[in-house]
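> First, the structure itself, so that you have it in front of you.
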Amino acid sequence: MVGPYLSIRKTDISTMAKELKELTSRSENYSQWYNDLVIKADLAENSAVRGCMVIKPYGYAIWEKMQAALDQMFKETGHVNAYFPLFIPKSYLSKEADHVEGFAKECAVVTHYRLKQNPDGNGLIVDPEAKLEEELIVRPTSETIIWSTYKNWIQSYRDLPLLVNQWANVVRWEMRTRLFLRTAEFLWQEGHTAHATEAEAVEEAVKMMNVYADFAENFMGVPVLKGVKSANERFAGALETYCIEALMQDGKALQAGTSHFLGQNFAKAFDVTFVDQNNKQEYVWATSWGVSTRLMGALIMTHSDDNGLVLPPKLAPYQVVIVPIYKNAEQLAAINEKVTEITRLLKAKGISVKYDNNDTKKPGWKFAEYELKGVPVRLALGARDLENGTVEVARRDTLTKETVSLEGVENYVAGLLETIQANIFRKAVDYRASVTREVNSYDEFKIEIEKGGFLLCHWDGTPETEEKIKEDTKATIRCIPLDGDRTPGTCMVTGKPSAQRVVFARAY
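With numbering that gives the first Met the number 0 as the guide, the letters of the sequence shown map in order to residues 0 to 507.
This is the structure:
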């Protein structure tokens with residue numbers, strides 16, 4: 000096949016790809032590879048505001064796909080969306096002791112409400128006369144403002160359960176940031192539910208952990224462990240934190256989602272009570288749960304390679320890109336006509352398509368660009384293909400190509416997308432299995448933790464032992480697995496009894 004400028008040879012594409020991408024390899028510097036990829040693939044960039052990011056259109060398109068899928072899952076489980084204020088009175092945050100202690104060091108605080116011209120004429124200054132009577136906290140999370148609101152919404156058992164979610168931004172003043180993984184401001188959803196009984200609240204918290212796991216595995220293609228956090232790692236103000244934990248290609252863990260059983264802590268802090276069916280006044284039982292744009296980091300680091308992004312078809316902004324190969328306007332016109340038909344057939348299958356007939360870039364450049372951006376399937380169609388009734392199909396996950404018939408190509412591509420979705424998940428499962436191992440002694444642990452991966456170890460259940468392990472090795476308990484080995488043993492550090500193995504790893 001001949002393009003508008005030259006014959007496309009593997010060496011040409013390789014040169015173009017290198018010129019376009021210039022990615023650091025994962026083996027050379029994994030952290031730099033990640034940063035390079037986020038920027039080169041047009042996902043996000045650092046902003047003029049320290050610690051904050053600009054999510055670019057291609058990156059935001061992936062986040063929108065995530066939002067849409069999760070939002071549908073929330074609504075299918077009976078939840079509705081609402082929106083609560085960005086600003087929280089400082090006194091609200093102070094009402095739940097563990098909560099304020101957990102977030103105090105990360106809070107951005109609004110102290111004044113007005114600027115004025117500098118008397119010396121040099122720019123603006125904060126007007127000292129415009130000091131707020133009470134400082135406002137830019138929300139790090141919304142439990143306090145929401146529970147102050149729920150006090151007005153809940154009077155009777157008939158008002159329960161209250162199942163509310165909000166899509167919002169939050170601010171946690173991070174000093175060391177990394178695009179998507181840890182920024183001062185990030186996007187997320189946070190669910191906040193109220194229940195008449197403890198059992199209902201616990202059931203809700205577990206249910207939402209399972210919703211997150213379903214999304215991670217079946218949409219993102221990211222295998223996760225489900226479990227509960229240790230007391231040291233628990234959400235501030237929660238009685239139990241349920242979590243899903245993923246493993247990145249560098250052997251580090253990433254907390255991908257959490258769901259918290261809050262007990263009656265926030266109900267008592269904000270005096271949220273209801274009259275039960277026995278006409279008795281009771282405090283409400285609560286949960287909260289959330290995932291954030293950190294999932295973008297998980298998606299990138301689980302599947303991508305040295306050539307760029309590898310996106311699961313279910314979350315790709317477009318699942319198929321079609322690139323024409325032509326010598327002249329006459330050939331392009333014939334290809335355009337055929338592509339219109341192919342696009343119609345693909346869209347009828349629910350497949351999102353981009354046709355790139357931009358004549359300012361060579362086909363080889365386009366191939367490299369869409370490989371970098373992780374488009375699952377690429378179709379290349381030239382004049383000779385039209386004569387032969389064929390099209391070249393390239394898979395991003397395996398970087399393989401084959402020529403197939405144009406007849407029924409929509410069915411072929413639909414099946415291929417399902418295959419790719421399953422394949423990248425299976426590859427991630429296999430990798431996790433290859434770096435998950437049992438460790439029985441602390442000396443062995445210190446050696447194995449340097450290699451990365453999930454280590455299944457016995458622990459005596461005390462915060463002191465957990466803290467010692469963290470100080471010695473920088474490893475933390477990622478979760479106490481709900482489906483793990485429940486065989487008792489002895490702690491690898493103290494030799495004291497251990498109820499079951501827990502999962503240790505170094506983490507982002």
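We treat Cβ as the ideally placed atom computed from N, Cα and C, and that holds for glycine.
Helix, strand or coil for residue 356, going by three-state DSSP, please let me know.
Residue mapping note: residue 356 aligns to position 357 of the sequence shown, counting from 1. If DSSP states are grouped into helix, strand and coil, residue 356 belongs with coil.
> Which same chain residues end up closer than 7 Å to residue 369 when comparing Cβ atoms and leaving out the 5 residues on each side of it in sequence?
Position 370 of the sequence shown, counted from the start, is the residue given in the question as residue 369. Once the five neighbours on either side are set aside, the close Cβ partners of residue 369 are 320, 377.
> Do you know whose CA, among 420, 491, 400, 417, lies nearest residue 438's CA?
Counting from 1 along the sequence shown, the entry for residue 438 is found at position 439. Per the Cα distances, 491.
> So is residue 82 buried or exposed if we call it buried at 16+ other beta carbons inside 10 Å?
Taking the sequence shown and counting its residues from 1, one reaches residue 82 at position 83. Residue 82 counts as exposed, since fewer than 16 other C-beta atoms from the protein chains shown sit within 10 angstroms of its C-beta.
> Based on the DSSP output, what are the partners of residue 391 in its beta bridges?
Along the sequence shown, one-based indexing puts residue 391 at 392. Answer is 379, 402, bridged to residue 391.
> Tell whether a beta-carbon distance below 9 Å holds between residue 141 and residue 169.
Numbered from its first residue, the sequence shown carries residue 141 at position 142. Numbered from its first residue, the sequence shown carries residue 169 at position 170. Between residue 141 and residue 169, the C-beta spacing is below 9 Å.
> Using CA coordinates, which residue listed in 36, 468, 27, 158 is at the minimum distance from residue 276?
The residue given as residue 276 occupies position 277 in the sequence shown. Taking the Cα of residue 276 as reference, the smallest distance to any Cα among 36, 468, 27, 158 is reached at 158.
> If we ignore side chains and look at the alpha-carbon of each, how far apart do residue 502 and residue 258 end up?
For this step, residue 502 is matched to residue 503 along the sequence shown. For this step, residue 258 is matched to residue 259 along the sequence shown. Computed Cα separation, rounded: 18 Å.
> Whole-angstrom Cβ separation of residue 405 and residue 392, contact assumed at under 8 Å?
Here residue 405 refers to the residue found at position 406 of the sequence shown. Here residue 392 refers to the residue found at position 393 of the sequence shown. That belief does not hold up - the Cβ atoms of residue 405 and residue 392 are roughly 11 Å apart, past 8 Å.
> DSSP puts residue 164 in a beta bridge; with which residues?
As a first step, residue 164 must be located in the sequence shown, where it is residue number 165. DSSP lists 80, 190 as partners of residue 164.
> Using 8 Å as the Cβ pair cut-off and three pairs as the minimum, do the region 317–336 and the region 228–245 touch?
no
> Run the CB neighbour count on residue 303, radius 10 Å, all protein chains shown included, and call it buried at 16 or more, exposed below.
Within the sequence shown, numbered from 1, the residue matching residue 303 stands at position 304. The residue is buried, with at least 16 neighbouring Cβ atoms inside 10 Å.
> Hey, how far is the Cα of residue 450 from the Cα of residue 250?
Taking the first residue of the sequence shown as 1, we reach residue 450 at position 451. Taking the first residue of the sequence shown as 1, we reach residue 250 at position 251. Cα-Cα distance, rounded: 7 Å.
> In whole angstroms, give me the CA-to-CA distance for residue 216 and residue 47.
Taking the sequence shown and counting its residues from 1, the one referred to as residue 216 is at position 217. Taking the sequence shown and counting its residues from 1, the one referred to as residue 47 is at position 48. Put simply, the backbone Cα of residue 216 is about 35 Å away from that of residue 47.
> Could you pull the start and end residues of the alpha helix (DSSP H) that residue 115 belongs to?
As a first step, residue 115 must be located in the sequence shown, where it is residue number 116. Looking at the DSSP string, residue 115 is not in any alpha helix (DSSP H); the run it does join, the beta strand (DSSP E), is 114–116.
> One question on the structure: do residue 180 and residue 167 come within less than 9 Å of each other, judged by their Cβ atoms?
Taking the sequence shown and counting its residues from 1, the one referred to as residue 180 is at position 181. Taking the sequence shown and counting its residues from 1, the one referred to as residue 167 is at position 168. Cβ distance not < 9 Å, so residue 180 and residue 167 don't count as in contact.
> DSSP beta-bridge partners for residue 304?
Here residue 304 corresponds to residue number 305 of the sequence shown, with the count starting at 1. Residue 304 pairs with 307.
> Check whether the region 80–95 and the region 207–215 are in contact - that is, three or more C-beta pairs closer than 8 Å.
No, the region 80–95 is not in contact with the region 207–215.
> List the endpoints of the continuous beta strand (DSSP E) containing residue 462.
Position 463 of the sequence shown, counting from 1, holds the residue named residue 462. Careful: residue 462 lies outside any beta strand (DSSP E), inside the alpha helix (DSSP H) at 462–472.
> Residue 412 by DSSP, collapsed to three states: which one?
Counting from 1 along the sequence shown, the entry for residue 412 is found at position 413. Helix.
> To test your reading of the DSSP string, which unbroken alpha helix (DSSP H) runs of 4 or more residues are found completely within the region 233–281?
264–268
> How many angstroms separate the CA atom of residue 452 from the CA atom of residue 246?
Sequence index remark: in the sequence shown, residue 452 carries index 453 (1-based). Sequence index remark: in the sequence shown, residue 246 carries index 247 (1-based). Taking the straight line joining both Cα atoms gives about 7 Å.
> So for residue 2, helix, strand or coil by DSSP?
For the purposes of this step, residue 2 is taken as residue 3 along the sequence shown, with counting starting at 1. With a pLDDT of 43 at residue 2, under the threshold of 50, the modelled position of that residue is not reliable, and no figure is offered here.
> Run through the DSSP bridge pairs and tell me what residue 45 is partnered with.
In the sequence shown, counting from the first residue as 1, residue 45 sits at position 46. The bridge partners DSSP lists for residue 45 are 52.
> Is the region 282–297 close to the region 307–318, with three or more CB pairs under 8 Å?
no
> Tell me whether the beta-carbon of residue 105 lies closer than 9 Å to the beta-carbon of residue 32.
As a working note, residue 105 is residue 106 in the sequence shown. As a working note, residue 32 is residue 33 in the sequence shown. It is not a contact, given that the beta carbons lie outside the stated cut-off.
> Can you tell me whether DSSP reads residue 225 as helix, strand or coil?
Sequence index remark: in the sequence shown, residue 225 carries index 226 (1-based). Reduced to three states, the DSSP call for residue 225 is strand.
> Say the cut is 8 Å; is the CB of residue 25 nearer than that to a heavy atom of the ligand ATP?
Among the components modelled here there is no ligand, and therefore nothing to report on the ligand ATP.
> Closest to residue 443 by C-alpha separation, out of 472, 100, 461, 44, would be which residue?
By one-based count along the sequence shown, residue 443 stands at place 444. With distances taken between Cα atoms, residue 443 lies closest to 472.
> By Cβ distance, which residues of its chain are closer than 6 Å to residue 268, with the 5 residues on each side in sequence left out?
Translated into the one-based positions of the sequence shown, residue 268 becomes position 269. Once the five neighbours on either side are set aside, the close Cβ partners of residue 268 are 94, 95.
> Between the C-alpha atoms of residue 350 and residue 340, what's the straight-line distance to the nearest angstrom?
Mapped onto the sequence shown, residue 350 falls at position 351. Mapped onto the sequence shown, residue 340 falls at position 341. Distance between the alpha carbons of residue 350 and residue 340 is about 14 Å.
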